[in-house]
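Here is the structure we will look at.
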Amino acid sequence: MYPAPPETEHLVIIGNGMAGHRLVEALLKRPDRPARITVVGDEATAAYNRILLSPWLAGEMEREALILRKAEWYAEQGIELVLGERVTSIDRTARRLTTDAGRALDYQRLVLATGSRPAMPAVPGIELSGVHGFRDLDDAEALAGVAERGGRVVVIGGGLLGLEAAEGLRKRGEAACRQGTGSLAVSVLQRSAQLMNRQLDATAAGLLEAELTRRGLAIHTGAQLAAIEGDHHGRVTGVRLADGKRLAADGVVIATGITPNAELGREAGLATQRAIEVDGHLTTSDSAIHALGECCQFEGTTYGLVEPIWRQVEVLAEQLGANPAEGARYEERPSATRLKIGGISLFAFGPIDPDAGHEVLAYHDPVQGDYRRLLLRDGRLEGAVLYGDTAMGPWLFGQAQAGRDLGPCRRALLLGAADADALLDAHDLDTDFDTQDRPVKEAA
Ligand SMILES: Cc1cc2nc3c(=O)[nH]c(=O)nc-3n(C[C@H](O)[C@H](O)[C@H](O)COP(=O)(O)OP(=O)(O)OC[C@H]3O[C@@H](n4cnc5c(N)ncnc54)[C@H](O)[C@@H]3O)c2cc1C
């Protein structure tokens with residue numbers, strides 16, 4: 001079915017992270033894959049599941065469970081894996097790259113899957129010892145050590161990553177304390193007036209804040225970091241806020257966003273803005289070089305979640321085959337957000353603030369800590385925030401993606417997918433289904 005690839009075709013993938021590894025797995029399913037594949041990654045460990053660093057930090061899983069594939073697996077598949085070496089330059093004319101160990105590799109096709117790194121705010125003291133990011137296994141292990149020693153940690157950033165780091169530290173610190181080490185106090189500084197301001201409305205953010213506070217995190221909203229302070233050994237001693245307040249700290253975790261690792265592509269002369277620009281085939285401005293994942297940028301969008309990256313992998317694997325399908329192009333689609341903190345369920349997508357054209361449906365049970373708010377336009381769902389019982393989240397997301405008219409099941413929309421589906425089916429069959437007789441929780 002597939003024509004054999006040219007004998008000499010050598011594909012090099014830079015980055016053995018989530019995108020680079022998933023691409024390898026996708027290529028292995030294709031008989032028309034390039035004859036020779038080499039993966040170069042600068043981390044010491046073969047690909048692991050970065051997403052699971054949060055539950056690992058919280059002590060909810062074993063380190064072994066993070067590993068996606070062991071280094072031997074690559075050899076068994078006939079793939080050359082170079083670990084612990086950083087690609088430092090790409091010579092596009094010679095089609096050759098060089099690593100920091102002095103290794104030179106020639107390629108016919110090249111994929112940049114270099115991801116991103118924590119964005120470090122430009123404040124005094126950011127270089128002090130005891131200031132951490134939360135990106136890789138080394139960071140997670142350093143944070144586990146901080147939690148186990150006890151003391152005071154300040155997490156800068158009340159978004160997804162900051163909250164997962166803070167709760168992971170708190171849980172690990174609590175477990176260590178039970179074993180007899182010193183106790184750990186964790187604070188979160190959030191610049192905006194609420195937690196997760198890019199995903200949640202004020203009510204859901206309030207519920208989340210109350211729950212995290214109940215667990216023992218000290219949450220400071222409206223708190224702008226001005227400086228990190230240290231002692232004469234260059235170690236962190238505290239943080240100072242823009243309003244002059246000071247919080248003592250033995251450790252600081254920065255979770256204020258990510259910076260794409262685009263420098264390698266930029267220095268090689270590839271078209272780059274915030275990240276390396278790619279087209280719908282994940283091809284850069286050089287037709288022999290592709291990029292995907294958090295180091296790439298498509299139509300102005302950069303990435304921070306895996307769902308769109310998985311779709312990029314499928315398109316790129318097709319492009320790297322000997323006879324790529326014409327129609328396979330990457331397209332932007334909305335993503336849904338979840339938080340990976342044990343015992344807290346939230347699910348959100350779409351716009352947060354309603355505009356004049358939105359109909360707002362909301363249900364709030366403060367006793368159970370359940371909250372659901374939907375934004376509809378002309379009967380079609382555009383956004384949802386669910387906190388507590390989020391079982392309906394994927395169904396709602398599917399309906400929004402499909403652009404389905406939910407008018408016929410409007411009164412059951414906050415109840416459950418089965419109720420809403422039943423109404424939609426009844427409507428589709430054009431039966432005389434009396435929705436008014438069904439018991440519904442009142443939409444507020
Ligand atoms: C703690 C944490 C929790 C997360 N949770 C979620 C979640 O719940 N849901 C979700 O969708 N997303 C989550 N993410 C984001 C998700 O992990 C990323 O979107 C994903 O890892 C991006 O994949 P990538 O391959 O582009 O980058 P990475 O996975 O970072 O891989 C890039 C790799 O390239 C290497 N590299 C960089 N430069 C070079 C070079 N010059 N030479 C050689 N190697 C190089 C890097 O060291 C790294 O190993 C989380 C991220 C973190 C840090």
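By UniProt numbering, the letter at position 432 of the sequence shown is numbered 432, and the numbering carries on one by one without gaps. We put the beta carbon where it would ideally sit given N, CA and C, even for glycine.
Alpha carbon of Leu339 to alpha carbon of Leu270, nearest angstrom: Stepping through the sequence shown from its first residue, residue 339 is reached at position 339. Stepping through the sequence shown from its first residue, residue 270 is reached at position 270. So the alpha carbons of these two residues sit roughly 35 Å apart.
As assigned by DSSP and simplified to three states, the class of Gln401: Position 401 of the sequence shown, counting from 1, holds the residue named residue 401. Gln401: helix per DSSP, three-state reduction.
Cβ pair count under 8 Å reaching 3, the segment 248 to 264 against the segment 151 to 164: yes
CB-CB length for Gly251 against Ala113, believed under 8 Å: Taking the sequence shown and counting its residues from 1, one reaches residue 251 at position 251. Taking the sequence shown and counting its residues from 1, one reaches residue 113 at position 113. Incorrect: roughly 31 Å between the Cβ atoms, too far for contact.
Inside the segment 227 to 282 only - beta strand (DSSP E) runs reaching at least 3 residues: 236 to 241, 246 to 248, 251 to 254, 258 to 260 and 276 to 278
Gly403 versus Gly280 - alpha carbon distance: The residue labelled residue 403 in the question sits at position 403 within the sequence shown. The residue labelled residue 280 in the question sits at position 280 within the sequence shown. About 23 Å.
Contact under 9 Å by Cβ, Arg117 with Asp106: The count along the sequence shown starts at 1 and reaches residue 117 at position 117. The count along the sequence shown starts at 1 and reaches residue 106 at position 106. Contact flag unset, no.
Terminal residues of the alpha helix (DSSP H) in which Pro358 lies: The residue labelled residue 358 in the question sits at position 358 within the sequence shown. Looking at the sequence shown, residue 358 is not Pro but His. It is not in any alpha helix (DSSP H) - His358 carries neither H nor E in the DSSP assignment.
CB contact flag (Leu225, Val239, <9 Å): By 1-based counting over the sequence shown, the position of residue 225 is 225. By 1-based counting over the sequence shown, the position of residue 239 is 239. Taking 9 Å as the Cβ cut-off, Leu225 and Val239 qualify as a contacting pair.
Other residues of its chain near Arg372: CB distance less than 6 Å, five sequence neighbours each side excluded: In the sequence shown, counting from the first residue as 1, residue 372 sits at position 372. Excluding residues within five positions, the ones whose Cβ falls inside 6 Å are Tyr363, Leu386 and Leu414.
Beta-bridge pairing of Gln108 - partner residues as DSSP gives them: As a working note, residue 108 is residue 108 in the sequence shown. Its beta-bridge partners do not exist; DSSP assigns none.
Proximity below 9 Å, CB of Ile309 to CB of Ala19: On the sequence shown, residue 309 is found 309 positions in, with the first residue counted as 1. On the sequence shown, residue 19 is found 19 positions in, with the first residue counted as 1. Taking 9 Å as the Cβ cut-off, Ile309 and Ala19 qualify as a contacting pair.
Contacts around Arg198, its chain only, beta-carbon distance under 8 Å, and the 5 residues preceding and following it disregarded: Sequence index remark: in the sequence shown, residue 198 carries index 198 (1-based). Around Arg198: Gly159 and Ile352.
Secondary structure of Gly300, DSSP reduced to three states: Here residue 300 refers to the residue found at position 300 when the sequence shown is read from its first residue. Coil, per DSSP.
Rounded separation between Leu11 and Ile79 - CA only: Numbered from its first residue, the sequence shown carries residue 11 at position 11. Numbered from its first residue, the sequence shown carries residue 79 at position 79. So the alpha carbons of these two residues sit roughly 10 Å apart.
Contacting residues, own chain, Cβ-Cβ under 8 Å from Gly304 (five flanking each side not counted): For the purposes of this step, residue 304 is taken as the residue at position 304 of the sequence shown. These residues qualify, in order along the chain: Ser116, Ile258 and Glu294.
Extent of the continuous alpha helix (DSSP H) to which Asp138 belongs: Residue 138 sits at position 138 when you count from the first residue of the sequence shown. Element bounds for Asp138: Leu137 to Arg149.
Helix, strand or coil at Ser54 according to DSSP, with G and I counted as helix: Stepping through the sequence shown from its first residue, residue 54 is reached at position 54. For Ser54, the three-state secondary structure derived from DSSP is helix.
Cβ-based neighbour list, Glu9, same chain, cut-off 6 Å, excluding 5 preceding and 5 following: On the sequence shown, residue 9 is found 9 positions in, with the first residue counted as 1. Hits under 6 Å: Pro34, Ala35 and Gln108.
Three-state secondary structure assigned by DSSP to Thr203: Position 203 of the sequence shown holds residue 203. Helix at Thr203.
Span of the beta strand (DSSP E) around residue 471: Residue 471 is absent from the model: the chain starts at 1 and stops at 444.
Cβ-heavy atom distance, Asp136 to ligand 1, below 8 Å: Position 136 of the sequence shown, counted from the first residue, corresponds to residue 136. Yes, ligand 1 has a heavy atom inside 8 Å of this Cβ.
DSSP beta-bridge partners of Ser187: Taking the first residue of the sequence shown as position 1, residue 187 is located at position 187. Paired residue(s): Val154 and Ala218.
Pro51 beta carbon near ligand 1 (any heavy atom closer than 8 Å): Residue numbering aside, residue 51 sits at position 51 when the sequence shown is read from its first letter. A quick correction: the sequence has Ile, not Pro, at residue 51. Yes, Cβ of Ile51 sits closer than 8 Å to a heavy atom of ligand 1.
Assigned secondary structure, Ile309 (DSSP; H/G/I helix, E/B strand, else coil): Reading the sequence shown from its first residue, position 309 is the one you call residue 309. Helix, per DSSP.
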